[in-house]
Amino acid sequence: MDFKEGDQEVVSVTGSTNHLVGVTPKRTRKWREFMKKRTKGEKILAAALVLLAVFALALLVSLIIVASRRPPSVCFSAECVRTASMLLENMDTRFSPCSDFYKFACGRWPEAHITEGAVNSWFADRTRYLSSKIEGVLSENATAADPLPVVNAKSLYASCMNTTRMDELGLEPMINVLDRAGLPSSLPDEETAVTFSISKTLAKIQRVLSMDLLIQLSMAVDPKTNKTVMVVSPTLGSSSLPELVSSEERVAVNSREALGLRLAYMTGVMTTLQPNASVTELGTAALKILVVDSQVRSDIQKTDTDDAPTLMTFAELQDIMDNANSTGTPKQRFDWMEFLTVLLEGLNKHVSVNDTVYVSSPDYFALLAQRLHRTRPETYQRYLWWFLVTSMVPHSTEELRSLKDDLYEALFRRSRQTRATKCVKYVKSFFNMAIGYKFASMDNLEKTTAKVKSMLRDITDSFERLVDSLQWMDTVTKRNAAKKARAINSFVGYPEWLLVPGQLEDLYKDMEVIDGQFLLSMVSLKGVEVKGILNTMGEPPINDTKGWVADPLDVNAFYGRGSNAIAIPAGILQSPFYFLGLESLNYGAIGSILGHELTHAFDVEVSIRRERLRREGKERVVVGRGHDQSLRRESSVLRHSVRQVQLHLQRSIEWNVDFG
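Anchor point for the sequence shown: position 469 equals 506 in this note's numbering, and the numbering is continuous, going up by one each time.
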């Protein structure tokens with residue numbers, strides 16, 4: 038069967054052409070007949086109308102689909118724009134994220150941020166930024182609305198900045214402090230050692246400057262009597278006055294170079310105080326002081342123990358030291374009753390040899406007694422004299438300050454800081470809460486604090502679920518871990534009491550600043566601090582509602598083991614740690630820090646202690662008011678050990694998590 042173009046489709050029987058029946062639908066045939074009768078123009082118009090209808094239908098379907106989809110959420114707030122700009126500024130698109138994601142994401146960060154030393158971090162960067170803001174606050178004139186502690190903070194800052202006045206005073210303030218500590222104005226010798234008593238001198242140094250030398254003091258609560266008792270432990274010489282370099286910072290030179298630099302510094306300082314003395318003799322004296330310091334360091338490391346402090350009487354401690362030497366007449370003897378009498382003079386405290394004391398590393402005190410037994414008095418008098426002098430050098434004349442700056446510049450390979458930067462650090466170490474008051478009154482963080490606390494609860498809940506999902510941990514340990522996590526307290530932003538009228542003044546009562554006397558003002562403040570601590574001896578523990586575990590303007594976060602609390606100070610509640618525009622970004626920044634601090638609640642303290650002692654060769658606690666010591670991080674070995682045997686025994690046991 039053949040078809041020609043245009044023919045109608047038919048079905049036929051082979052061999053017959055009769056009675057052919059078309060199978061095309063009737064409607065189609067009518068449409069074809071209709072179109073045959075139309076002109077060409079009409080046909081084109083009809084085709085156009087059909088195409089237009091199809092296009093309109095497609096457009097309608099597309100609009101329905103687009104309308105049904107949610108538009109992408111784009112944040113255009115000031116915080117989001119700032120965060121986006123920060124991310125773009127730090128990116129280095131010359132690198133492929135597949136080959137080096139770190140360089141791609143933040144390779145240009147060092148170009149946009151000035152660093153001090155070898156450390157590049159947002160923490161250091163934001164600390165410098167906050168320091169500049171504090172500088173502005175302290176530089177302002179005091180107003181009638183400022184509480185007295187704020188006025189004192191501004192006065193201390195002004196005295197610190199007035200280097201002309203410091204040079205006019207010369208060495209007089211330093212000599213004044215040395216005299217109050219019972220030490221000579223120049224390098225001690227055999228003549229000055231005739232009347233030297235190491236126990237009396239150490240007690241005076243503690244009362245005047247709150248400085249721990251050879252023996253470290255702190256307070257703890259005896260759980261049997263619920264009374265505050267003294268704690269004594271080993272310590273290296275360290276300054277109680279603010280320093281620009283922390284004890285944890287590593288030097289950038291080898292040990293031989295470091296020794297040479299320190300000897301040159303020590304000789305320079307001694308020459309300034311004693312210009313007519315032989316430089317050679319002063320250098321020899323400096324070397325001998327460093328030898329004594331090395332011996333103390335060695336004794337601390339040899340007698341280090343993870344054991345909790347031993348509770349004994351002062352008489353028993355005296356026997357340990359006296360019995361350490363069996364032959365010969367001792368050149369020196371440490372007298373605990375003399376030490377306590379001088380230390381507590383004028384405080385209306387009655388102490389006897391039968392009073393109890395916590396002793397950390399008793400073997401150290403036996404070694405100390407042995408060294409005193411065979412060492413000439415002037416050797417240790419010089420040791421104490423030097424550490425008192427060097428602690429005051431950064432706060433004295435331009436000549437002495439330059440010697441310390443030269444030493445730090447050479448040891449740590451860092452540029453010198455401006456005087457304003459130094460003074461902010463110095464003043465903040467004494468009046469951090471007073472400065473925090475000014476910032477809290479200008480910056481309401483109530484809503485932010487609530488959000489961060491909510492984030493911590495979310496993270497704690499997630500932590501508990503994670504622990505519960507562990508296959509290798511037994512049920513009891515999981516329950517204890519969850520219990521401790523839920524018991525963690527939090528300090529966020531500023532203390533709630535800070536803006537309550539009268540509270541700040543109560544915190545800093547009896548603390549005065551001497552106008553135009555920077556060094557003597559700091560010494561006066563230290564004296565008030567140590568007096569307040571010593572007044573707690575023999576008293577029940579005070580529930581201090583002001584007890585905060587951090588400086589509110591610190592750009593950091595902390596976990597305090599003794600208080601089982603996480604501190605997120607207001608200082609870290611700034612970009613790029615917070616206020617990033619989106620909660621997801623905030624969780625990734627401050628949230629990761631919260632999670633990090635949460636895990637510190639489960640640190641194995643013994644391992645931390647060993648590592649710190651290995652790295653630093655020392656641990657120290659300076660007797661001082663908690664609010665001015667900014668934690669002293671509650672991470673010191675002594676404070677941790679004492680807390681294991683003090684008031685919170687039941688809570689410590691309850692929080693203990695046995696990981697097998």
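In this text, a Cβ means the ideal position worked out from N, Cα and C, and glycines have one as well.
Discussion item. Are the CB atoms of residue 576 and residue 265 within a distance shorter than 8 Å?
Written reply: Here residue 265 refers to the residue found at position 228 when the sequence shown is read from its first residue. Here residue 576 refers to the residue found at position 539 when the sequence shown is read from its first residue. Cβ distance < 8 Å, so residue 265 and residue 576 count as in contact.
Worksheet item: Between 258, 262, 259, 238, which lies nearest to residue 32 when the distance is taken from Cα to Cα?
Response: Since the first residue of the chain shown is 38 and the last is 697, residue 32 is not available in this structure.
Worksheet item: Taking buried to mean at least 16 other C-beta atoms within 10 Å of its own C-beta, is residue 509 buried or exposed?
Response: Sequence index remark: in the sequence shown, residue 509 carries index 472 (1-based). Classification of residue 509: exposed, given that the 10 Å Cβ count is below 16.
Worksheet item: If we call anything under 8 Å between Cβ atoms a contact, is residue 269 one with residue 394?
Response: Counting from 1 along the sequence shown, the entry for residue 269 is found at position 232. Counting from 1 along the sequence shown, the entry for residue 394 is found at position 357. Yes, Cβ-Cβ distance for residue 269 and residue 394 is below 8 Å.
Worksheet item: Just the Cα atoms here: how many angstroms apart are residue 637 and residue 277?
Response: By one-based count along the sequence shown, residue 637 stands at place 600. By one-based count along the sequence shown, residue 277 stands at place 240. Their backbone Cα atoms lie some 27 Å apart in a straight line.
Discussion item. Considering only their Cβ atoms, is the gap separating residue 603 from residue 527 smaller than 8 Å?
Written reply: Residue 527 sits at position 490 when you count from the first residue of the sequence shown. Residue 603 sits at position 566 when you count from the first residue of the sequence shown. Contact: yes.
Practice prompt. Grab me the residues of residue 50's own chain with a C-beta within less than 7 Å of its C-beta, minus the 5 sequence neighbours each way, in chain order.
Written response: The residue labelled residue 50 in the question sits at position 13 within the sequence shown. Its pLDDT being 46, under 50, residue 50 is placed unreliably in this model, and the coordinates cannot settle the point.
Worksheet item: Can you give the Cα-Cα distance for residue 437 and residue 256, rounded to whole angstroms?
Response: In the sequence shown, the residue the question calls residue 437 occupies position 400. In the sequence shown, the residue the question calls residue 256 occupies position 219. Straight-line Cα distance between these residues: approximately 35 Å.
Worksheet item: The beta strand (DSSP E) with residue 574 in it runs from where to where?
Response: Translated into the one-based positions of the sequence shown, residue 574 becomes position 537. Neither: residue 574 is in no beta strand (DSSP E) and is coded neither H nor E.
Worksheet entry | From 326, 362, 398, residue whose alpha carbon lies closest to that of residue 339 | In the sequence shown, the residue the question calls residue 339 occupies position 302. Considering only alpha carbons, the answer is 398.
Worksheet entry | Unbroken alpha helix (DSSP H) run spanning residue 204, endpoints | As a first step, residue 204 is located in the sequence shown; it is residue number 167 there, counting from the start. 200-206 is the span of the alpha helix (DSSP H), which, as asked, contains residue 204.
Worksheet entry | Three-state secondary structure (DSSP) of residue 628 | Looking up residue 628 in the sequence shown gives position 591. The answer is helix: DSSP assigns residue 628 an H, G or I state.
Item to complete: Work out the CA separation of residue 599 and residue 515 for me, nearest whole Å.
Response: Sequence index remark: in the sequence shown, residue 515 carries index 478 (1-based). Sequence index remark: in the sequence shown, residue 599 carries index 562 (1-based). Using only the alpha carbons, I get a separation of about 22 Å.
Worksheet item: Helix, strand or coil: how does DSSP classify residue 190 here?
Response: Position 153 of the sequence shown, counting from 1, holds the residue named residue 190. Helix, per DSSP.
Worksheet item: Is it right to say residue 546 is buried, meaning 16 or more other beta carbons lie within 10 angstroms of its own, or is it exposed?
Response: Locating residue 546 in the sequence shown gives position 509, counting from the first residue. Exposed, by the Cβ-count rule.
Worksheet item: Quick one: what's got a C-beta closer than 7 Å to residue 116's C-beta in the same chain, skipping five residues either side?
Response: In the sequence shown, residue 116 corresponds to position 79, counting from 1. These residues qualify, in order along the chain: 616, 617, 618.
Discussion item. Tell me whether the region 295-312 and the region 443-460 touch, counting them as touching only if at least three CB pairs, one residue from each stretch, are closer than 8 Å.
Written reply: yes
Discussion item. So, with DSSP's three-state summary, where would you put residue 564?
Written reply: Taking the first residue of the sequence shown as 1, we reach residue 564 at position 527. Looking at residue 564 - three-state DSSP - the assignment turns out to be helix.
Discussion item. Suppose the cutoff is 8 Å on Cβ atoms and the five residues either side in sequence are ignored; what does the same chain contact list for residue 390 look like?
Written reply: On the sequence shown, position 353 is the one that residue 390 refers to. Closer than 8 Å at Cβ, skipping near neighbours: 350, 351, 352, 355, 373, 374.
Worksheet item: By Cβ distance, which residues of its chain are closer than 8 Å to residue 471, with the 5 residues on each side in sequence left out?
Response: Residue numbering aside, residue 471 sits at position 434 when the sequence shown is read from its first letter. Hits under 8 Å: 184, 186, 187, 189, 190, 541, 545.
Practice prompt. Could you check the C-alpha separation between residue 77 and residue 87 for me, to the nearest Å?
Written response: For the purposes of this step, residue 77 is taken as the residue at position 40 of the sequence shown. For the purposes of this step, residue 87 is taken as the residue at position 50 of the sequence shown. Computed Cα separation, rounded: 16 Å.
Item to complete: Less than 8 Å between the CB atoms is what I'm expecting for residue 406 and residue 361, so what's the real figure, rounded?
Response: Your numbering for residue 406 matches position 369 in the sequence shown. Your numbering for residue 361 matches position 324 in the sequence shown. Correct: roughly 4 Å between the Cβ atoms.
Practice prompt. Using three-state DSSP, classify residue 546 as helix, strand or coil.
Written response: For this step, residue 546 is matched to residue 509 along the sequence shown. Note: residue 546 maps to coil in three-state DSSP.
Worksheet entry | Own chain, CB closer than 7 Å to residue 454, minus 5 neighbours either side, in chain order | By one-based count along the sequence shown, residue 454 stands at place 417. Once the five neighbours on either side are set aside, the close Cβ partners of residue 454 are 281.
Discussion item. Would residue 123 and residue 141 be called neighbours here (beta carbons separated by less than 8 Å)?
Written reply: To locate residue 123, count along the sequence shown from 1; it is residue 86. To locate residue 141, count along the sequence shown from 1; it is residue 104. Taking 8 Å as the Cβ cut-off, residue 123 and residue 141 do not qualify as a contacting pair.
Fill in: Length of the line joining the Cα atoms of residue 549 and residue 411
Position 512 of the sequence shown, counting from 1, holds the residue named residue 549. Position 374 of the sequence shown, counting from 1, holds the residue named residue 411. Rounded to the nearest angstrom, the two C-alpha atoms are 43 Å apart.
Worksheet entry | Distance between beta carbons of residue 473 and residue 590, contact taken as under 8 Å | The sequence position of residue 590 within the sequence shown is 553, counting from 1. The sequence position of residue 473 within the sequence shown is 436, counting from 1. Between residue 473 and residue 590 the Cβ distance is about 5 Å, and since that is below 8 Å, they are a contact.
Worksheet item: From residue 477 to residue 176, what distance separates their C-alpha atoms?
Response: By one-based count along the sequence shown, residue 477 stands at place 440. By one-based count along the sequence shown, residue 176 stands at place 139. Taking the straight line from one Cα to the other gives about 18 Å.
Practice prompt. List the residues that DSSP assigns as beta-bridge partners of residue 350.
Written response: On the sequence shown, residue 350 is found 313 positions in, with the first residue counted as 1. DSSP lists 393 as partners of residue 350.
Fill in: 7 Å CB neighbourhood of residue 2 in its chain, flanking five on each side removed
The structure shown does not extend to residue 2, since the chain is modelled only from 38 to 697, so the question has no answer here.
Discussion item. Just to confirm before moving on: does the CB-CB distance between residue 433 and residue 574 stay below 8 Å?
Written reply: For this step, residue 433 is matched to residue 396 along the sequence shown. For this step, residue 574 is matched to residue 537 along the sequence shown. No, these two residues do not count as a Cβ contact at 8 Å.
Worksheet item: Is the region 162-173 touching the region 457-465, taking contact as three or more C-beta pairs under 8 Å?
Response: yes
Worksheet entry | Cα-Cα separation between residue 559 and residue 588, rounded to whole angstroms | The residue labelled residue 559 in the question sits at position 522 within the sequence shown. The residue labelled residue 588 in the question sits at position 551 within the sequence shown. The straight-line gap from Cα to Cα measures roughly 19 Å.
Item to complete: Quick one: grab the DSSP three-state call for residue 610.
Response: In the sequence shown, counting from the first residue as 1, residue 610 sits at position 573. Coil, per DSSP.
Discussion item. Taking only three categories from DSSP, how would you classify residue 241?
Written reply: As a first step, residue 241 must be located in the sequence shown, where it is residue number 204. Residue state, collapsed to three classes: helix.
Discussion item. Check whether the region 475-495 and the region 603-614 are in contact - that is, three or more C-beta pairs closer than 8 Å.
Written reply: yes
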